[in-house]
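Asks: Numbering (this note's numbering), first residue to last: 13 to 412. Note that the Cβ used here is the ideal one computed from N, Cα and C, for glycine as well. Remember, predicted model here, so these are calculated numbers, not experimental data.
#1: Roughly how many angstroms separate the alpha carbons of residue 369 and residue 176, rounded to a whole number?
#2: So what does DSSP say about residue 114, is it helix, strand or coil?
#3: In angstroms, rounded to a whole number, what distance separates the CA positions of residue 197 and residue 243?
#4: By DSSP, does residue 129 sit in helix, in strand, or in coil?
#5: Whole angstroms are fine: how far does the CA of residue 50 sit from the CA of residue 355?
#6: Answer with buried or exposed for residue 31, where buried requires no fewer than 16 other C-beta atoms within 10 angstroms of its C-beta.
#7: Could you tell me which residues DSSP pairs with residue 226 in its beta bridges?
#8: By the three-class DSSP mapping on this structure, what secondary structure does residue 357 have?
#9: Which ranges would you report for the alpha helix (DSSP H) in the segment 86-112 if only whole runs of at least 4 residues count?
#10: I need the straight-line Cα distance from residue 220 to residue 164, nearest angstrom please.
#11: Which residue spans inside the segment 163-202 form an unbroken beta strand (DSSP E) run of at least 3?
#12: Here's a check: name, in chain order, each residue in its chain whose Cβ is nearer than 8 Å to the Cβ of residue 156, leaving out the five neighbours to either side.
#13: From residue 287 to residue 298, what does the alpha carbon distance come to, in whole angstroms?
#14: Grab the span of the alpha helix (DSSP H) containing residue 50 for me, first residue to last.
#15: By how many angstroms is the C-alpha of residue 71 removed from the C-alpha of residue 376?
#16: Could you say which of 380, 181, 335, 190 lies nearest to residue 363 if we only look at CA atoms?
#17: Quick test of the definition: if touching needs 3 or more C-beta pairs under 8 Å, does the segment 92-101 touch the segment 52-62?
#18: Using CA coordinates, which residue listed in 324, 310, 309 is at the minimum distance from residue 316?
#19: By a C-beta neighbour count over all protein chains shown, 10 Å radius and 16 as the cutoff for buried, is residue 270 buried or exposed?
#20: Roughly how many whole angstroms lie between the Cα atoms of residue 229 and residue 313?
#21: When you compare each of 127, 120, 100 to residue 112 by their alpha carbons, which one comes out closest?
#22: Which class does residue 136 belong to by DSSP, given the choice of helix, strand or coil?
#23: Using 10 angstroms around the beta-carbon of residue 283, count the other beta-carbons present and answer buried if the total reaches 16, otherwise exposed.
#24: Given that a residue counts as buried once 16 or more other Cβ atoms are within 10 Å of its Cβ, and exposed if not, what is residue 378?
#25: Excluding five sequence neighbours on each side, which residues of the same chain lie with their C-beta closer than 8 Å to the C-beta of residue 142?
#26: Rounded to whole angstroms, what's the CA-CA distance from residue 382 to residue 265? Just pull it up for me.
#27: Considering just the uninterrupted stretch of the beta strand (DSSP E) at residue 327, what are its terminal residues?
#28: Rounded to whole angstroms, how far is the Cβ of residue 79 from the Cβ of residue 125, which I believe are closer than 8 Å?
#29: Using only alpha-carbon positions, find the residue among 73, 251, 342 that is nearest to residue 361.
#30: Looking only at DSSP bridge pairs, what is residue 70 linked to?
#31: By how many angstroms is the C-alpha of residue 81 removed from the C-alpha of residue 109?
#32: So residue 166 packs on residue 218, CB below 8 Å; how close in whole Å?
#33: What does the Cβ neighbour count give for residue 253, buried or exposed, with the cut at 16 atoms within 10 Å?
#34: Based on the DSSP output, what are the partners of residue 364 in its beta bridges?
#35: Considering Cα atoms alone, identify which of 188, 122, 103 is closest to residue 152.
#36: Would you kindly check if the distance between the Cβ of residue 309 and the Cβ of residue 37 is under 9 Å?
Next comes the structure, spelled out in structure tokens:
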């Protein structure tokens, strides 16, 4: 019997607009305690129901900056043994240890939680004719789809996702996040609507360095997941948010789209808005929708994408979920509620509501920007990212 709950389009009862999220990034690269992220989510306690909470931190493993850090969940020892056999076959594991946790009231029935710092075997990587990132993605998809009872919570470098069933402040203290420091943190408080609360279904959803926290409902999950299958992604965790993490990996890393353009693909302007654009921009948006139509996210959503180098916050194209942003000095913070921001950033320099479909971007100075460039592409360039391939057009010119 599978240990993964089945995705269902409808549930017997829903609270639309539930869930809370946050993201904070110090663009100077200064590290912040995980306690700040816990505080921001504790303020949004009532946006969830205790069936899911989680965080992602970046820059938290300076002693292993070049290793892929796998955070794993196991339902039993057999799942652990099968996953570790796969690791030993394809990776050099430099450290394997239980995740540091502490007993917390309200947290129960936790799976086995382990973390591994590993790198691909050079000869196996060469034989695969893959990039190191694609090599890791293949391992993640294999474990999630074929090792029953094993789930990859995160798999990026110098980062990690910490999540489970409980309120976010409980999860944060359970994983001892006050002992970690990172330049970027994201957090989530879950109110499940389409699937039951379970450890693997809590947010963030992660692949490589990308993590997603999400408030809303992606009604296009079905077509999005079928579209992603063409590129080797397997949606197995039973939650609509999973497709968003994989879509960003596809558009940004594999197809090398500029960040702003990827956001326009996922939260495309309405046709009536496109009709009012200048002719050149109209052609660009029409080409984007023609190529990436099956990847467009439909339904109400607010999301925060974290990655090594910064974060991006994005609303759906008519802003059906709350999202507030603020800045204080070098720190950019977003959240579902302004109260969460003011709990961490007293007297911010500026507070605003990001526009529908427009990304709010934080970029850490001095770090490699893992994204292709800015929005300066022609319709012909968009057509080079042909559906069914992971090749990007060599003639694309962007400004960094």
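Replies: This is what the structure gives:
#1: 29 Å
#2: coil
#3: 29 Å
#4: strand
#5: 11 Å
#6: buried
#7: 315
#8: coil
#9: 89-102
#10: 10 Å
#11: 171-176, 196-201
#12: 162, 163, 164, 246, 248, 249
#13: 10 Å
#14: 46-55
#15: 11 Å
#16: 335
#17: no
#18: 324
#19: buried
#20: 6 Å
#21: 127
#22: helix
#23: exposed
#24: exposed
#25: 150
#26: 8 Å
#27: 322-327
#28: Not a contact, Cβ separation roughly 18 Å.
#29: 342
#30: 171, 196
#31: 11 Å
#32: 4 Å
#33: buried
#34: 337
#35: 103
#36: no
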